[in-house]
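As numbered in the numbering used here, residues 57 to 442 make up the sequence shown, in order.
Below: one structure, written as structure tokens.
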Amino acid sequence: MNRRDFLNTAAAVTTGSVLAWLPQYSWAAADYRKLLILVELKGGNDGLNTVIPYADPQYATLRPRLAVARDQVLQLDETSGLNPALAPLMPLWKSGEIAVVQGVGYPSANLSHFRSIEIWDTASKSNEFLQDGWLARAFTQAPVPRTYAADAVVVGSAEMGPFSGSGTRTIALTNTEQFLQQAKLAVPAGQANNTALNHIMRVEQDIVQAASGLNMNQTFRTVFPPTAFGNAIRTASQVVASRAGVAALKVSLNGFDTHSGQLGTHTRLLKDLAEGLVALKGALGEVGRWEDTLVATYAEFGRRPRENASAGTDHGTASAHFLLGGRVKGGLYGQRPALDRLDGNGNLPFAVDFRDIYATVLERWWGVSSSVALRGRFTPIDVVKT
């Protein structure tokens, strides 16, 4: 096997993974003993049918076919409740280990899949184009210990997302078994005269070093759902159980672009999400990591409040997201959807800037300043126990 084949088929490491950096700012050391797991809901999840404003009569008016019946909603308080497909999450709600943040969005929202997820990944303004992901900038300013196998691991995809950019060591595990097998076949080489070739060799050595720490043989009592998302959760759990050291992981659940026939598709997706998150909680509990793990969902946007002619929903703005973990202060945060204040395009105003959630991760979870990574000052949410 040649090195190019290995690099292309086994894993991806960001191109700056072996480059030295000089921090431009003085930051306190981040507490990367605390793990971050991002769950991307690809396609733009419908927040209104996830966290349902069942007491607002406008909800049923806007969605004569898609509205979930009030008597089926899993009530969280006197105005809001969860979709019944999220029933597996209710024990976490009752134990105070899940926070529901409503109205998450950003100013001048872009409704293009590609551009909006780029905004979320880079923590940019809607009219600003940045190269590095927000976590890549964070890791550059507050480096992950070099003793860790990697700064971050992306499971099931080659898209680096918030880890894109220079200065980070990110592994994309598109095929776990293939990655580990092929990494063993790659023999670290010496120095080459060609600068570009030498860089490739050093990247390869990073992969081999990371693979040497990823022991994926943990046996769990937890039963993982027999779905693509369940497999991704199992792989993420194996990475954490290996104790090789990573600061963050990202997994994805695909299919949320529900322009037509939404009801059945969305119900299945929410069921997959809930069962996967419960399995993640179980597996991390087995290896003693649930208390020091923060799980956060995100998506490029929400869906429009009014259903369309195809029994679906079109691209919208604000949505609801979840934060889970043993140190989460459970409850409802943000503001319930203002269905009486839709904009000229029929979309919701946002109440919580998504970068406030990022500031929560950086400041309240890892204990570092967020102003450089987020290129501005945002307000952390008081949602995690210190």
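The C-beta atom is built at its ideal place from N, Cα and C for all residues, glycine as well.
Problem - Under the three-state DSSP convention, the category Asp133 falls into - result: Note: Asp133 maps to coil in three-state DSSP.
Exercise for the section: Provide the residue(s) that pair with Leu380 in DSSP beta bridges, ordered along the chain. Expected result: Looking at the DSSP output, Leu380 shares a beta bridge with Ile154 and Val351.
Exercise for the section: Please work out which residues of its chain come closer than 6 Å, Cβ to Cβ, to Asn364, disregarding the five sequence neighbours upstream and downstream, and give them in chain order. Expected result: Contacts found: Asp370.
Problem - Simplified DSSP assignment, three categories, for Glu331 - result: Here DSSP, grouped into helix, strand and coil, assigns Glu331 to helix.
Problem - From Ala208, Thr203, Gln187 and Asn273, residue whose alpha carbon lies closest to that of Phe195 - result: Comparing alpha carbon positions, the residue from Ala208, Thr203, Gln187 and Asn273 closest to Phe195 is Ala208.
Problem - Cβ neighbour criterion (16 or more within 10 Å) applied to Asn273 - result: So Asn273 ends up on the exposed side.
Exercise for the section: Return the residue from the list Arg433, Glu153 and Gly332 that minimises the CA-CA distance to Pro281. Expected result: With respect to the C-alpha of Pro281, the residue from Arg433, Glu153 and Gly332 having the closest C-alpha is Gly332.
Problem - 4 or more residues per run - each alpha helix (DSSP H) lying fully within the segment 176-234 - result: Secondary structure within the segment 176-234: the alpha helix (DSSP H) runs of 4 or more consecutive residues, fully enclosed, are 190-197 (chain order).
Handout entry: Backbone CA spacing between Asn166 and Ser182 [nearest angstrom]
Key = Their Cα atoms are separated by approximately 7 Å.
Handout entry: Straight-line Cα distance separating Gly317 from Gly311
Key = Cα to Cα, Gly311 sits roughly 12 Å from Gly317.
Problem - CB-CB length for Ala86 against Val424, believed under 8 Å - result: Rounded, the Cβ-Cβ distance is 5 Å, consistent with contact.
Problem - Interface flag, Gly402 vs chain B, CB-CB below 8 Å - result: No chain B is part of this structure, which consists of one protein chain only.
Handout entry: Element boundaries [alpha helix (DSSP H), containing Gly358]
Key = No alpha helix (DSSP H) contains Gly358, which DSSP labels as neither H nor E.
Problem - Enclosing alpha helix (DSSP H) for Ile413 [first to last residue] - result: It spans Phe410 to Ala415 - the alpha helix (DSSP H) in which Ile413 sits, taken as one unbroken run.
Exercise for the section: Grab me the residues of Lys441's own chain with a C-beta within less than 8 Å of its C-beta, minus the 5 sequence neighbours each way, in chain order. Expected result: Answer for Lys441: Arg383, Val384 and Lys385, listed in chain order.
Practice task
Confirm, please, whether the CB-CB distance from Gly161 to Thr373 is below 8 Å.
Solution key: Taking C-beta atoms as the reference points, Thr373 and Gly161 count as a pair closer than 8 Å.
Practice task
Provide the residue(s) that pair with Ser298 in DSSP beta bridges, ordered along the chain.
Solution key: As far as DSSP is concerned, Ser298 takes part in no beta bridge.
Handout entry: Residue interval of the alpha helix (DSSP H) (run including Ala116)
Key = Per DSSP, the continuous alpha helix (DSSP H) segment holding Ala116 begins and ends at Pro113 to Leu118.
Exercise for the section: Identify the continuous beta strand (DSSP E) that holds Leu97 and give its terminal residues. Expected result: Note, Leu97: beta strand (DSSP E), Leu91 to Leu97.
Problem - Residue from Ala394, Leu379 and Pro393 with nearest C-alpha to Gly387 - result: That would be Leu379, whose Cα lies nearest to the Cα of Gly387.
Handout entry: Selection from Val157, Ala198 and Glu153 that minimises the alpha carbon distance to Tyr88
Key = The residue from Val157, Ala198 and Glu153 with its alpha-carbon nearest to that of Tyr88 is Ala198.
Exercise for the section: Compare the Cα-Cα distances from Leu404 to each of Arg411, Asp412 and Ala394 and report the closest residue. Expected result: If we check each option's Cα against that of Leu404, Ala394 comes out closest.
Problem - Beta-carbon contacts of Ala206 that lie in its chain and below 6 Å, excluding the five residues immediately before and after - result: The residues are Arg225, Ile227, Ala266 and Val302.
Practice task
Leaving aside the five residues before and after Ser293 along the sequence, list all residues of the same chain whose C-beta is less than 7 Å from its C-beta, in chain order.
Solution key: These residues qualify, in order along the chain: Phe276, Leu336, Ala339 and Leu340.
Practice task
Tell me, please, which residues DSSP counts as bridged to Ser308.
Solution key: In DSSP, Ser308 forms a bridge with Glu96.
Handout entry: Given His322 as reference, the closest of Leu142, Trp346, Leu305 and Leu148 once Cα atoms are compared
Key = Out of Leu142, Trp346, Leu305 and Leu148, Leu142 has the C-alpha closest to the C-alpha of His322.
Exercise for the section: Check Gly390 in the structure and name its three-state DSSP category. Expected result: In this structure, Gly390 counts as strand in the three-state DSSP scheme.
Handout entry: For Ser426 and Leu398, the rounded distance between their alpha carbons
Key = Each residue's alpha carbon lies about 31 Å from the other.
Exercise for the section: Check whether the segment 413-422 touches the segment 343-352, taking contact to mean three or more Cβ pairs, one atom from each stretch, closer than 8 Å. Expected result: By the Cβ test, the segment 413-422 is in contact with the segment 343-352, since at least three Cβ pairs between them sit closer than 8 Å.
Exercise for the section: Reducing DSSP to helix, strand and coil, say where Leu336 ends up. Expected result: It is helical.
Problem - Residues that Ile437 bridges to, as DSSP identifies them - result: By DSSP's assignment, Ile437 forms no beta bridge with any residue.
Practice task
Pick helix, strand or coil for Leu395, following the three-state DSSP scheme.
Solution key: Judged by DSSP in its simplified three-state form, Leu395 adopts coil rather than helix or strand.
Handout entry: Closest by C-alpha distance to Phe410, when choosing among Gln128, Trp149, Gly358 and Ala192
Key = Closest option to Phe410, Cα to Cα, is Gly358.
Practice task
Mark Trp77 as exposed unless 16 or more other C-beta atoms lie within 10 angstroms of its C-beta, in which case mark it buried.
Solution key: The predicted model places Trp77 with a pLDDT of 26, which falls under 50 and marks its position as unreliable; any figure quoted below should be read in that light. Exposed is the call here.
Practice task
Classify Leu138 as helix, strand or coil using the three-state DSSP reduction.
Solution key: If DSSP states are grouped into helix, strand and coil, Leu138 belongs with the strands.
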